[in-house]
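Data block below; observations after.
Residue numbers (our numbering), protein chains in the order written: chain A, 1 to 280; chain B, 281 to 777; chain C, 778 to 1142.
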């Protein structure tokens, strides 16, 4: 009898729990739902109270690419191009530096690392102004490489990778040393493969961060053909913002890759955040 | 430190530097050098159009001119106020993510399949009943959509468990960027945005009810709320002083706690109806400072023996502060209710981003949407999974109620995470607000959403006064640095145990 | 095949902490040498200096007639088995064993042959394609050994390799490593803190404490003739009993008189060495098995003590005894008549007993 009531209670509690969670999740998802439905409406339907379009206007999505003055495809490509390069460079340099900080012993190592850490605390804004001047002098203003270069080195990435690499047992290094591995072999064949969770986390975050980044491109880019997606969307919004249905289609198209990326990578991501998060 | 380098040390250091080289080059060019240039700029009249650091040497040193200008500039304090106001959303966001983490931390897996089917059937039946009711009454398809999404979420959740909900919660913060800001701009659209489309009919429904309320009645209700608020504030102050008296919190905890508790009173000045409250706030704050100085002078130590009081002061009194703020807001609403309702047109939905007073709350609301499922939630989840089950079992054997379990086990165990999250949020809050301001409001209306970050951008890249912009950014840095120092001094205690 | 010679070696860490203090140790070709001592005694540091993982502060180390002080580990021709196995988690068993050979640019076929041979010796053939995390503790340990074998090094170094295994597995691996030694006929240096492992496996044992070598000898010599108090107490389970007292001379016979307790008459053959200690303080040490139960023990070297705890081990029984507030252990026949709280009559056999100087802690006899 007792057991039965317990069971009932548990069922009821689970039900309430699920209801609450679903309610919150729905509330959080509603803006996206609205976005999707609006992007499929006709322009004259947009302001109406009904969320559902009369007929789904799938061609809206194609129309975005065909709009005059809106180089959506171009921006899309630029954003992905820049984000990919930055991610590749940053992950590479960060893991090299992290290896040096975490697995090699050299005089002054910890002092240099503290310096690195200290720069993480600096507001990015402080550096942006002189960086712009440097870019002017390097002649990189309004070029994609000007977007990529300053973002290719990150103290945060180094920190994340170092924290993870520290958790790999030190005796592996010694075993490898006795096996006859050089430091590079140790890095490439032992430590890097073992740092996969941190690598994946860093890769995704860097990619998303740069895909979404707005400040630096906004400062740097003058020619519409070289815009990345975020500032492209801003230009879209300020020049053709009245066409809400097309704007929402553009917004949806820029959000959906991120959603897909997250849904597929979420296990790895969550693990990575939890690994690196609490301690530092 | 030995100065002599052995052969091995030289070799090791060389190898270490080779691995570091690519990163350190970038670090020097794009971080270290700009840092010094920026510091130099802050003391010059550097202008984007006129000067270039590598070619012309004609910049004029202005000494502390930029900083003097900055501190005398009313704009600066106004924008600093904006930044701080927007940061008031942080505690709500943190509380939201803690709540979400607590909900997600339940064990979904142990339920049997049959149980899940029962849950799903119940939900679907309730949902369809509700839907039929609503569709019968109202015309909007919105209800159907909402119920559909909720149904999908619950079915997914019942089978996928934690990870499905976690994904849904996390999406807003993961995708946060220009795209979602534009989306919210459209949501907030005052004439025919979906938010006002839902809100306006509700307000129309309330207007006649509120109009019947007499002004005297409203004043009485507001007064009652104020009394409740007064009692709450008194209890919190009493608690803090008692803790201090018992030696469980130091002067620092006392001052911070009191400061937090007084903030709502100070903010009374923002609402015209209650502006007299502000003077009380100043008076109490002044008294508190005198008292603290007096105690220090008498030899009371700066920190308490255990110094358990600091996080307690920040977090508990912070929560009290939020409660007081809510009550204060409610008081204002009640006071204004009959007046507004009797105005022509009755209640009108706010213009959100286009309204001087509503723009900041609108941004905070959007921030809250993103904050619930952010990284903070994941940090809390990690923290929760790190709490030993033994502690809960011990608490159960001691006969703790669910609330006591939370209060005596979960919350203290999470204090390190909470402290970390708060510090990080404050640091990013001080530097934040640029993207939203640039995309959604252009800093307006009338500068009400211009934060320091946006101010720096405007000064630096729109008007070209790089020198002045650098001065502002270094001032901002000083504030962030102060928070960091605070974290170093007190944070380790909580993050390391 | 090589001998390893450690000559006047010290390891000094920053802050003048001497982990190893001027030790000299000669490990003969094909010998199984065990370094044993309590934690922090410098045994692991010594091994790691031999491996080349720690720099040598002073002195020199020779492996097969070659001074290796500045030779990197990979060129020292040694192999090492680590306490936590240190297997590469992302490689299969085969790759783990082959990694060292691949880095040394061995031919594919040769690698294949050697790994398979090692796998056959260790019984790892069915597991070559598995990852370490899918293996049991004992199997992982074998892989770690296998990784060492395939290289055919001059010397094997073991750093507490069995301490992560459960008790039963430990006994099994112990015999397997011993077998391996007789099979491979290579120099092996084995570090452990467990004196049972040391006794059962070593050709010779080197006992260390606080960075100093206490004694180097074969297991039985070590057991029978410890050079000092520490070695006497460290080797043997349950440990040797120590009594504080003085040497007395009565009727031309020498006695050991325990502080306000019993008297023991000392064998005549000791007279020469303990003459100078008459009426001076000494420590008397006797192993638990040399305390014999006798129902009617009276007269010389018989003592009476209260039984406090009885631990039957099956083949024998440990009696925890107390005489005049001094606790000691006797290891007696399982079928003894005593119960807890009773008085036991015991006889001390002095054949293998020892006297120690309390000041220098050196053995007198």
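Cβ atoms here follow ideal geometry from the backbone N, Cα and C, with glycine treated the same way.
A quick note: this is a predicted structure, and the numbers were derived from the prediction, not measured.
Can you look up residue 322 of chain B in the DSSP assignment and give me helix, strand or coil?
If you number the second chain from 1, residue 322 of chain B lands on position 42. Coil, per DSSP.
If the cut is a Cβ gap below 8 Å, which residues of chain A does residue 863 of chain C touch?
In the third chain, the residue the question calls residue 863 of chain C occupies position 86. Ordered by position in chain A, the residues that pass the 8 Å Cβ test against residue 863 of chain C are 169, 171, 172, 174, 175.
Quick one: residues in its chain with C-beta nearer than 6 Å to the C-beta of residue 748 of chain B, no 5 flanking neighbours on either side, listed in chain order?
Start at 1 with the first residue of the second chain, and residue 748 of chain B comes out as number 468. Counting only Cβ-Cβ distances below 6 Å, and skipping sequence neighbours, we find 346, 739.
Give the straight-line distance between the Cα atoms of residue 745 of chain C and residue 1096 of chain C, rounded to the nearest whole angstrom.
With chain C covering 778 to 1142 only, the question about residue 745 of chain C has no answer from this structure.
Considering only the alpha carbon of each residue, which of C:1098, C:1009, C:1092 lies closest to residue 1084 of chain C?
For the purposes of this step, residue 1084 of chain C is taken as the residue at position 307 of the third chain. For the residues C:1098, C:1009, C:1092, the minimum Cα distance to residue 1084 of chain C belongs to C:1098.
Tell me which residues share the same chain as residue 863 of chain C and place their Cβ nearer than 8 Å to its Cβ, disregarding the 5 neighbours each side in the sequence.
Sequence index remark: in the third chain, residue 863 of chain C carries index 86 (1-based). So the qualifying residues of the chain are 921.
Would residue 851 of chain C pass as an interface residue toward chain A - the criterion being a Cβ-Cβ separation below 7 Å?
Along the third chain, read from residue 1 onward, the residue named residue 851 of chain C stands at position 74. Taking Cβ atoms only, chain A reaches closer than 7 Å to residue 851 of chain C, which makes this a yes.
Can you name the residues of chain C whose CB is closer than 7 Å to the CB of residue 223 of chain A?
For the purposes of this step, residue 223 of chain A is taken as residue 223 along the first chain, with counting starting at 1. Chain C residues near residue 223 of chain A: none, gap ~46 Å exceeds 7 Å.
Check whether the Cβ of residue 377 of chain B lies closer than 7 Å to any Cβ atom in chain A.
As a working note, residue 377 of chain B is residue 97 in the second chain. No, residue 377 of chain B lies away from the interface with chain A (no Cβ there is under 7 Å from its Cβ).
Cα separation between residue 1130 of chain C and residue 1063 of chain C?
In the third chain, counting from the first residue as 1, residue 1130 of chain C sits at position 353. In the third chain, counting from the first residue as 1, residue 1063 of chain C sits at position 286. The alpha-carbon atoms of residue 1130 of chain C and residue 1063 of chain C are separated by roughly 5 Å.
Identify every run of the beta strand (DSSP E) within the stretch 843-899 of chain C, keeping only runs that are complete inside it and at least 3 residues long; order them along the chain.
Segments of the beta strand (DSSP E) lying fully in the stretch 843-899 of chain C: 855-858.
Helix, strand or coil for residue 972 of chain C, going by three-state DSSP, please let me know.
In the third chain, residue 972 of chain C corresponds to position 195, counting from 1. Residue 972 of chain C falls in the helix class under three-state DSSP.
Quick check: the stretch 290-302 of chain B against the stretch 704-721 of chain B, are at least 3 beta-carbon pairs closer than 8 Å?
Result no; under three Cβ-Cβ pairs closer than 8 Å.
Skipping 5 residues on each side, what residues in its chain have a beta carbon closer than 7 Å to that of residue 65 of chain A?
Taking the first chain and counting its residues from 1, one reaches residue 65 of chain A at position 65. Cβ neighbours of residue 65 of chain A beyond the five flanking positions: 72, 73.
Report the residue ranges of all alpha helix (DSSP H) runs contained in full by the stretch 1022-1110 of chain C; include only those spanning at least 4 residues, in chain order.
Correct list: 1048-1051.
Is there contact between the stretch 358-371 of chain B and the stretch 723-731 of chain B, where contact requires at least three CB pairs shorter than 8 Å?
A contact exists between the stretch 358-371 of chain B and the stretch 723-731 of chain B.
Is the CB-CB distance between residue 950 of chain C and residue 958 of chain C below 7 Å?
Counted from its first residue, the third chain places residue 950 of chain C at position 173. Counted from its first residue, the third chain places residue 958 of chain C at position 181. No, these two residues do not count as a Cβ contact at 7 Å.
Roughly how many whole angstroms lie between the Cα atoms of residue 136 of chain A and residue 328 of chain B?
On the first chain, residue 136 of chain A is found 136 positions in, with the first residue counted as 1. On the second chain, residue 328 of chain B is found 48 positions in, with the first residue counted as 1. One C-alpha to the other measures close to 11 Å.
So the alpha helix (DSSP H) residue 517 of chain B belongs to, where does it begin and stop?
The residue you call residue 517 of chain B lines up with position 237 of the second chain. Where residue 517 of chain B is concerned, the enclosing alpha helix (DSSP H) stretches over 495-526.
Could you tell me the alpha carbon to alpha carbon distance between residue 606 of chain B and residue 504 of chain B, rounded to whole angstroms?
Within the second chain, numbered from 1, the residue matching residue 606 of chain B stands at position 326. Within the second chain, numbered from 1, the residue matching residue 504 of chain B stands at position 224. Going from the Cα of residue 606 of chain B to the Cα of residue 504 of chain B covers about 14 Å.
What number of angstroms, rounded off, separates the C-alpha of residue 617 of chain B from the C-alpha of residue 490 of chain B?
For this step, residue 617 of chain B is matched to residue 337 along the second chain. For this step, residue 490 of chain B is matched to residue 210 along the second chain. Approximately 6 Å between the Cα atoms of the pair.
Say whether the stretch 1003-1021 of chain C touches the stretch 1050-1060 of chain C, bearing in mind that this needs 3 or more beta-carbon pairs closer than 8 Å, one atom from each stretch.
Output reads yes: the stretch 1050-1060 of chain C touches the stretch 1003-1021 of chain C.
Taking Cβ positions, are residue 651 of chain B and residue 373 of chain B nearer each other than 7 Å?
Position 371 of the second chain, counted from the start, is the residue given in the question as residue 651 of chain B. Position 93 of the second chain, counted from the start, is the residue given in the question as residue 373 of chain B. Yes, Cβ-Cβ distance for residue 651 of chain B and residue 373 of chain B is below 7 Å.
Specify the secondary structure class of residue 466 of chain B as computed by DSSP and reduced to three states.
The residue you call residue 466 of chain B lines up with position 186 of the second chain. It is helical.
Going by the beta-carbon positions, is the gap between residue 1069 of chain C and residue 1116 of chain C smaller than 7 Å?
Locating residue 1069 of chain C in the third chain gives position 292, counting from the first residue. Locating residue 1116 of chain C in the third chain gives position 339, counting from the first residue. Contact: no.
Quick check: what's the CA-CA separation for residue 746 of chain C versus residue 894 of chain C?
Here chain C has residues from 778 to 1142 only, and residue 746 of chain C is not among them.
Identify the contact partners of residue 491 of chain B in chain A, using a Cβ-Cβ distance below 7 Å as the criterion.
Within the second chain, residue 491 of chain B is the residue found at index 211, counting from 1. Here the premise fails: no neighbours, minimum Cβ distance about 25 Å.
Can you find a C-beta in chain C that's less than 7 Å from the C-beta of residue 178 of chain A?
Your numbering for residue 178 of chain A matches position 178 in the first chain. Yes, residue 178 of chain A lies at the interface with chain C (some Cβ there is under 7 Å from its Cβ).
Short of 6 Å in beta carbon distance, which residues of its chain neighbour residue 1079 of chain C, apart from the five on each side in sequence? Order them along the chain.
Numbered from its first residue, the third chain carries residue 1079 of chain C at position 302. Closer than 6 Å at the Cβ level, and outside the excluded window around residue 1079 of chain C, lie 1124.
Do residue 144 of chain A and residue 217 of chain A come within 7 Å of each other at the CB atom, strictly closer than that value?
Within the first chain, the letter at position 217 stands for residue 217 of chain A. Within the first chain, the letter at position 144 stands for residue 144 of chain A. No, they are not a contact pair.
Does the stretch 193-200 of chain A touch the stretch 233-249 of chain A, meaning 3 or more C-beta pairs lie closer than 8 Å?
No, because fewer than three Cβ pairs between the stretch 233-249 of chain A and the stretch 193-200 of chain A fall closer than 8 Å, the two stretches do not touch.
Using alpha carbons as the reference points, say which of C:937, C:874, C:948, C:931 lies closest to residue 962 of chain C.
Numbered from its first residue, the third chain carries residue 962 of chain C at position 185. Closest option to residue 962 of chain C, Cα to Cα, is C:931.
Measure the Cβ-Cβ separation of residue 180 of chain A and residue 880 of chain C and say whether it is below 7 Å.
For this step, residue 180 of chain A is matched to residue 180 along the first chain. For this step, residue 880 of chain C is matched to residue 103 along the third chain. Yes, the pair counts as a contact, with Cβ atoms nearer than the cut-off.
Nearest chain F C-beta to residue 181 of chain A closer than 7 Å, yes or no?
Absence of chain F from the displayed structure is noted, the protein chains being A, B and C.
Helix, strand or coil for residue 157 of chain A, going by three-state DSSP, please let me know.
Counted from its first residue, the first chain places residue 157 of chain A at position 157. In this structure, residue 157 of chain A counts as helix in the three-state DSSP scheme.
In chain order, what residues of the stretch 432-454 of chain B put their CB closer than 8 Å to some CB of chain A?
Listed in sequence order: 433, 434, 437, 438, 443, 445, 446, 447, 448, 449, 450, 451, 452, 454.
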